Each structure stands twice: as structure tokens, then as C-alpha cells.
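Comments concern the structure below.
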Amino acid sequence: MATVWEEVSQVVSFVVMAALELAPWFLLAVVLGVLVQHLNLDVLAKRAFARHGVVAVLTTAAVGALSPFCSFTVIPLISRLLRSGVPLSAVMAFWVASPAMDPEIFALSAAALGIDVATARLVGALLLSVGAGLVVLVLERRGLFAQPLRPSVARAEAAVARPVPVPATAGAPAVADGGSPADAPAASGAACGTGVEAPAAAAACDPGCAAPAEDPWADDDGTPWRTMIARNARLIDWRRFGRDVLRDARGLGGWLLLALVAMALVVRYVPTSLVSSLLGADGVAAIPLAAALGTPLYLNGVAAIPVVQGLLAQGMLPAAGVTFLLAGATTTVPAMVAVRSVVNGRVFAFYLGVAFLGSILVGLLVSPWL
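The opening residue of the sequence shown carries number 30 in my numbering; numbering runs sequentially from there.
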């Protein structure tokens, strides 16, 4: 019988080997995510929200899947967009796609789970977000979801939007005529729920999700996107770029290490027969069960990948893994707290329903190809 130290040694050895295998892909993913931020590609999302109808849903879903936002960093932006009159259909498509997929998550998923599962996750995230947006669009045209914000959030946003004269002092920014405190730089840094929806969203902030230092949609000067990318590439401060890479690597690396430990424990101590019987034998039953497990077990996009990798090694169906990743990203408990802090009960119920049932449907659809 193995001693405790032998067991610990086996787990540590497994974690080290897995970390070395994932390290190049992890660093590539971090660099890619920081590059997206430094090129200021997030401002393209603002243009997507200026569209209407089906085009808006398709565009915002694509932008959400390519943007480095998680459920919590989009909360202040979503609140302002809804209050300013942006249709819920476009907002919902972006909101569902953003935590479910981004370039970093795709790269790590491809490295750890295989290109087939990563592609299925990407396609599933797009289908889920576009489907949610189109359903909301139909309901909007029938007069539903006219006021998606919670009454308290709507009142607070309205109060912030009203001009409030503030004397210019040494420690406080002046508010110009016709402006508002919301226009001040301090208000634009509502990262991870520091706006009117705090403290709920702030308490639920994902530690592994890097928040933008300021509102990324505030500085769109209308420059064509090709010109904007070329200009921003020339202006990159590479010292700051390196610091941001180190910052994100430290933050996400801690979660990845924790997830690798969980993966090692799953592979070593969870019987293969148990995982196969619950999540591998019957796809019709395994996929809904994977969606249910995603709510309590999903931590964040990075940490979930090794956990699913371990379950796949024990016999989990790949389609069930895709469902777990999609359902967990949108229905994890902190994400639900953050969402509920902004929208009313009807929108919240729709969000949960489309995330849970939609992820199951995606799993069933991709099952024949995985």
C-alpha cells in the first residue's frame, strides 16, 4: 500500500508533467490575450452594437467570442448599453458569447482537449449566443423585454446620467456643462462590477479574469479597423506589454495550477468505471448531467480545461465535455450573481434557461462528430 508521501509524489509528478506540456500553449494564449487588449480591438464591439436586428446579433456574437471579457468585466458595460437603448437581443448575444469563448480559451482548449473539442466549443458558443440573441429579437418585436434592467439599477443609472454640477477642486475632476460624473475617468474604470451594480458583481468577480483599466469603448474615433490596428501596433509600449503578460500569467497561472491538481486527483482517484457510467455510456443522459455539473464545479475558463481533460481521460464523452464548458461558463454561481445584479427576474430566467438548455442542445448536436 502506497504511503502518503508516495501518493503526494505521484500527484506532484503528474502536475509538473502536465504543466510543462501546457506551458507553451498557456504563454501563447496569455500573449494573444494581451495583444488583443493593446491593439485596442475591443472598440470594434461598439460599432457592432450600432447595428440592428439579425445583423446586430450575428456581429455582437462574433465580437463576444473574440473579446477578452468574462461575465464580470462586461457587467458595467452591459448596464450602460441597456440603459442607453441598445436592444437586449444584441446585448444578450454578446453577453453569452463573451465568457464562453475567447482567443486564449480556444488556444488552451486546442492544446489540452484537442482541436476537435476546441472547435466544437467555439462553434457551440457561437450557436448558443446567436440563438439566444435571435430568440430575444423575436420576443422584443412582440413587445417583451422592454425594460430589461432591474428597477434599482435603472434608477441608479438614470441618476448617474443626470448632470450634477461639481466644483473643480484639487482632488476632484470637474464636470463640463452637459456632462455627467459618468463621463469622468474615475467612472470609466468599472471593472469587475465596481459600478452601480456593486457590491454583488464585485463580490463575484472572477480572480482569474483580467479587468480593463478603463472603459474600452470610450475612445472609438471612427478610424477604419485596418488603419486602427496598424496605428495601435506602432504605438505598443513593449515594456508595459511585458508587464501585462507577466501579470496575466501570474493571475491565470495560479488557477491553472489549481486546476491541474484537480485533474491529477480526478485521474488518480476517481474510478474510470464511475465516470464512464455517468458521463460516457449514454450520451442522452450524460450531456444533461454534464450541464448540471458545470454550475457548481466550473471555476473559470482556464481552470475548467484541465478538469475536463481529466474527465475525458476517465471516459467522459467529448460532447459532454463541450456541454460542461459551455454551461459552466454561463451558469456558474458567481456569474449568476453578477447577472442578477443587473437585469430583472424575467431576463435573468431567460438567461439561465437559454444557457442551460442551449448548452445541452449544443452537446447533442456535436455528439455525432466527436
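All C-beta atoms in this analysis are idealised placements derived from N, C-alpha and C, irrespective of residue type, glycine included. This one's a predicted model, so the numbers in the text were calculated from it and none came from an experiment.
Problem set entry | Exposed unless 16 or more other CB atoms sit within 10 angstroms - verdict on residue 151 | Start at 1 with the first residue of the sequence shown, and residue 151 comes out as number 122. Residue environment for residue 151: buried (at least 16 other C-beta atoms within 10 angstroms of its C-beta).
Problem set entry | Rounded straight-line distance, which links the Cα of residue 32 to that of residue 369 | Mapped onto the sequence shown, residue 369 falls at position 340. Mapped onto the sequence shown, residue 32 falls at position 3. Answer to the nearest angstrom: the Cα atoms are 48 Å apart.
Problem set entry | Bridge-paired residues (DSSP) for residue 178 | For the purposes of this step, residue 178 is taken as the residue at position 149 of the sequence shown. The partner list for residue 178 (beta bridge, DSSP) reads 372.
For this session: Determine the direct distance from the alpha carbon of residue 89 to that of residue 299, and round the result to whole angstroms.
Result: Numbered from 1 along the sequence shown, position 270 holds the residue referred to as residue 299. Numbered from 1 along the sequence shown, position 60 holds the residue referred to as residue 89. Taking the straight line from one Cα to the other gives about 40 Å.
For this session: Starting from the C-beta of residue 252, find all residues in its chain whose C-beta is less than 8 Å away, skip the five residues before and the five after it, and write them out in chain order.
Result: Within the sequence shown, numbered from 1, the residue matching residue 252 stands at position 223. Result list for residue 252: 260, in chain order.
Problem set entry | Stretch-stretch touch, CB-based, cutoff 8 Å, three pairs: the stretch 375-384 with the stretch 132-142 | Proximity of the stretch 375-384 to the stretch 132-142 falls short of the contact definition, fewer than three beta-carbon pairs being nearer than 8 Å.
Exercise. What separation, rounded to the nearest whole angstrom, lies between the Cα atoms of residue 389 and residue 317?
Worked result: Against the sequence shown, residue 389 aligns to sequence position 360. Against the sequence shown, residue 317 aligns to sequence position 288. Rounded to whole angstroms, residue 389 to residue 317 spans 6 Å at the Cα level.
Problem set entry | beta strand (DSSP E) runs contained entirely in the stretch 277-345, provided each spans 3 or more residues | Residue ranges of uninterrupted beta strand (DSSP E) with 3 or more members are absent from the stretch 277-345; none lies entirely inside it.
Exercise. If you run the structure through DSSP and keep just helix, strand and coil, what is residue 32?
Worked result: In the sequence shown, residue 32 corresponds to position 3, counting from 1. Of the three classes helix, strand and coil, the one that applies to residue 32 here is coil, per DSSP.
Problem set entry | Residue from 375, 371 and 359 with nearest C-alpha to residue 158 | Walking along the sequence shown from the start, residue 158 turns up at place 129. For residue 158, the closest of 375, 371 and 359 by C-alpha to C-alpha distance is 359.
Exercise. By a C-beta neighbour count over all protein chains shown, 10 Å radius and 16 as the cutoff for buried, is residue 178 buried or exposed?
Worked result: Taking the first residue of the sequence shown as 1, we reach residue 178 at position 149. With 16 or more other Cβ atoms within 10 Å, it is buried.
For this session: Given a cut-off of 9 Å, decide if residue 35 and residue 116 are closer than it, judged by their beta-carbon atoms.
Result: Taking the first residue of the sequence shown as position 1, residue 116 is located at position 87. Taking the first residue of the sequence shown as position 1, residue 35 is located at position 6. No Cβ-Cβ contact shorter than 9 Å links residue 116 with residue 35.
For this session: With DSSP as the reference, label residue 145 as helix, strand or coil.
Result: The residue labelled residue 145 in the question sits at position 116 within the sequence shown. In the displayed model, residue 145 falls within a helix according to three-state DSSP.
Problem set entry | Through-space distance from residue 355 to residue 161, alpha-carbon basis | Working through the sequence shown from its first residue, we reach residue 161 at position 132. Working through the sequence shown from its first residue, we reach residue 355 at position 326. Between the alpha carbons of residue 161 and residue 355 lies a distance of about 13 Å.
For this session: Would you mind sorting residue 335 into buried or exposed? The rule is 16 or more other CB atoms within 10 Å of its CB.
Result: If you number the sequence shown from 1, residue 335 lands on position 306. Flag for residue 335 reads buried.
Exercise. Whole-angstrom Cβ separation of residue 315 and residue 307, contact assumed at under 8 Å?
Worked result: Counting from one through the sequence shown, the residue named residue 315 turns up at place 286. Counting from one through the sequence shown, the residue named residue 307 turns up at place 278. About 7 Å; that satisfies the 8 Å criterion.
Problem set entry | Exposure label - residue 127; buried when at least 16 CB within 10 Å | For the purposes of this step, residue 127 is taken as the residue at position 98 of the sequence shown. By the 10 Å Cβ count, residue 127 comes out buried.
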